[in-house]
């Protein structure tokens, strides 16, 4: 069973994309977004599951490189 996580932009607080992992990622883990950009997880937040549910929401906060 994999971990489904929401990738969040640390600068704006907006969601970027949903992603599935084989195991729980740690802060400092690097991965590639759908856009092809390589990012590093700054923070991993695990929330409380909804009543009657088993899966807890997971948010991974990353900083995107500016398009300058």
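Residue numbers (this note's numbering): 4 to 71. Yeah, the Cβ is synthetic: ideal placement off N, Cα and C, and Gly gets one too.
Beta-carbon separation (whole angstroms), residue i vs residue j, contact threshold 8 Å
i          : j          : result
residue 17 : residue 10 : About 10 Å separates the two Cβ atoms, so there is no contact after all.
residue 67 : residue 40 : 7 Å
Residues near residue i in its chain [Cβ-Cβ closer than 8 Å; skip 5 each side]
i          : result
residue 61 : 6, 7, 8, 9, 27, 47, 48, 49 and 50
Neighbour-count burial assignment, residue i, 16 or more Cβ in a 10 Å radius
i          : result
residue 35 : exposed
residue 44 : buried
CA-to-CA distance, residue j to residue i, given in whole angstroms
i          : j          : result
residue 15 : residue 64 : 10 Å
residue 22 : residue 55 : 23 Å
Cβ-based neighbour list, residue i, same chain, cut-off 6 Å, excluding 5 preceding and 5 following
i          : result
residue 59 : 49, 50 and 52
residue 25 : 5
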